[in-house]
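Okay, structure first, notes after.
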Amino acid sequence: MNQNTANKNEIAPELSLFLPVLDEEDNLRPMHAKIQAALETLGKTAEVIYVDDGSTDKSLAILKEIAASDDRVRVISLRRNYGQTAAMSAGIDAAKGEILIPMDADGQNDPADIAKLLKKLDEGYDVVSGWRKNRQDKMISRKIPSKIANRIVSWIGGVPLHDYGCSLKAYRREVIQDVKLYGEMHRFIPIYASWAGARVAEIPVDHHARTMGNSKYGISRTVKVIFDLMTIKFMAEYHTKPIYVFGAFGMIAFLISMVAGLWATVLKFGYDVSFILTPLPVIAVVMLAISVQFFLMGLLAELLVRTYHESQDKAIYAVRERIGFQTTD
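For the working numbering, add 960 to where a residue sits in the sequence shown, where the first one is 1.
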């Protein structure tokens, strides 16, 4: 048992590292050795959480061996492959540390960079994101699509980062513990944290070429990210007022309906053009029906939002600090 670590069942560690794992049997032991070396130099209490995301190779067996030899290690084995976001969420839920640090288990992130992340946090930031400035990946299939996606995400989310896809980040517990993740949204955690008032920074980190195993993620994820971006934009602008977006589309449809109806009427009575000779009456009726649907959907969304907040007594704001208030404990 490592004498420099606190008993993880009794005392919350200072750091929680969590790594999603999917078929990384060749990388796990070398990666953990690097993590051990990095933690020794930091001199902080820590836990290392490996989340096995339905691996079909020997990854889980190797993780059990690692856990038996290092009392800082905890292993979560998911029933099947749920995806990286679900594995990240499982790691966040299990973490007990004051600082949460996600990493990839494929050896491309360097645990030695944890010290740089912590140093930046000490400057007063709540989130520090890694930037793979010299990324060791294929240009066409990985680097170029990533650069384009990062520009779009930064513009939509309002948090200008060079590398949303870098898993190596550091979060203070209070800005991440209530974040709920869906789809491919683990990459957008800095945006969620920023919405809650977190201070976000970015620093360059090392990135190593994959030497063992195969990448699990390719350009096909771009489509999923696009849909998640649509959700992010909607949540950013209309999270507590969905009637605005549905009402806007409803108003546009209503105006089209009115214009089509009026023009059909002008043609009928001004130019003796029968309604059946022009598609305008059909357009007017269809767009009117669509506008009503949008208005009703907006009202339904408003009810859902209010139920969500009120049933959980969930505030629509986050307080960073309270000064001068009497405690009730």
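The beta-carbon is built from N, C-alpha and C at its ideal position, and this holds for glycine as well.
In this text, all values refer to a predicted model and were calculated from it rather than measured experimentally.
Proximal residues to residue i (C-beta, below 8 Å), its chain only, five neighbours per side dropped
i: Ile-971; result: Thr-1005
i: Thr-1016; result: Asp-983
i: Ser-1234; result: Lys-1228
i: Arg-1039; result: Gly-1014
i: Ser-1271; result: none
i: Gly-1207; result: Phe-1254, Phe-1255 and Gly-1258
i: Val-1252; result: Gly-1210
Check whether residue i and residue j have beta carbons under 8 Å apart
i: Glu-984; j: Ser-1019; result: yes
i: Ala-1153; j: Val-1205; result: no
i: Ile-1061; j: Lys-1129; result: yes
i: Leu-1121; j: Pro-1150; result: yes
i: Gly-1090; j: Val-1165; result: yes
i: Ala-1213; j: Met-1257; result: no
i: Ala-1065; j: Met-991; result: yes
i: Thr-1238; j: Ala-1249; result: no
i: Ala-1161; j: Lys-1093; result: no
i: Ile-1163; j: Leu-1077; result: yes
i: Met-1048; j: Leu-977; result: no
i: Ala-1109; j: Val-1185; result: yes
i: Thr-1200; j: Val-1139; result: no
i: Gly-1084; j: Arg-1159; result: yes
i: Val-1008; j: Arg-1032; result: yes
i: Arg-1111; j: His-1167; result: no
i: Ser-1127; j: Asn-1069; result: yes
i: Leu-1141; j: Thr-1045; result: yes
Collapsed DSSP secondary structure at residue i in the structure displayed
i: Leu-1121; result: coil
i: Lys-1056; result: coil
i: Pro-1062; result: strand
i: Lys-994; result: helix
i: Glu-1025; result: helix
i: Lys-1076; result: helix
i: Tyr-1152; result: helix
i: Ser-1089; result: strand
i: Asn-1069; result: strand
i: Lys-1129; result: strand
i: Ser-1271; result: helix
i: Ala-1158; result: coil
i: Tyr-1198; result: helix
i: Arg-905; result: Given a span of 961 to 1289 for the chain in the structure shown, any question on residue 905 remains unanswerable.
i: Ile-1136; result: coil
i: Ala-1261; result: helix
i: Met-1205; result: For the record, residue 1205 in the displayed sequence is Val; it is not Met. Three-state result, Val-1205: helix.
i: Glu-1007; result: strand
Whole-angstrom C-beta distance between residue j and residue i, which should lie under 8 Å
i: Pro-980; j: Lys-1056; result: About 18 Å separates the two Cβ atoms, so there is no contact after all.
i: Glu-1134; j: Pro-1202; result: Going by Cβ atoms, the distance from Glu-1134 to Pro-1202 rounds to 27 Å, so no, they are not a contact pair.
Close beta carbons around residue i, own chain, < 7 Å, minus the five adjacent residues each side
i: Val-1035; result: Tyr-1010, Asp-1012, Leu-1023, Lys-1024 and Ala-1027
i: Asn-964; result: Residue confidence for Asn-964 is low, a pLDDT of 45 falling below 50, so the modelled location carries little weight and cannot support an answer.
i: Leu-1259; result: Ile-1203
i: Gly-1125; result: Ser-1106 and Arg-1147
Spatial neighbours of residue i in its chain, beta-carbon cut-off 6 Å, leaving aside the 5 residues before and after
i: Phe-1209; result: Phe-1254
i: Ala-998; result: Pro-1071, Ala-1072 and Ile-1074
i: Ala-1050; result: Val-1011 and Ile-1036
i: Lys-994; result: Pro-1071
- Message: Could you check whether the segment 1192-1200 touches the segment 1110-1119, counting it as contact only if at least three pairs of C-beta atoms, one from each stretch, sit closer than 8 Å?
- Response: Per the Cβ contact rule, the segment 1192-1200 is in contact with the segment 1110-1119 (3 or more Cβ pairs under 8 Å).
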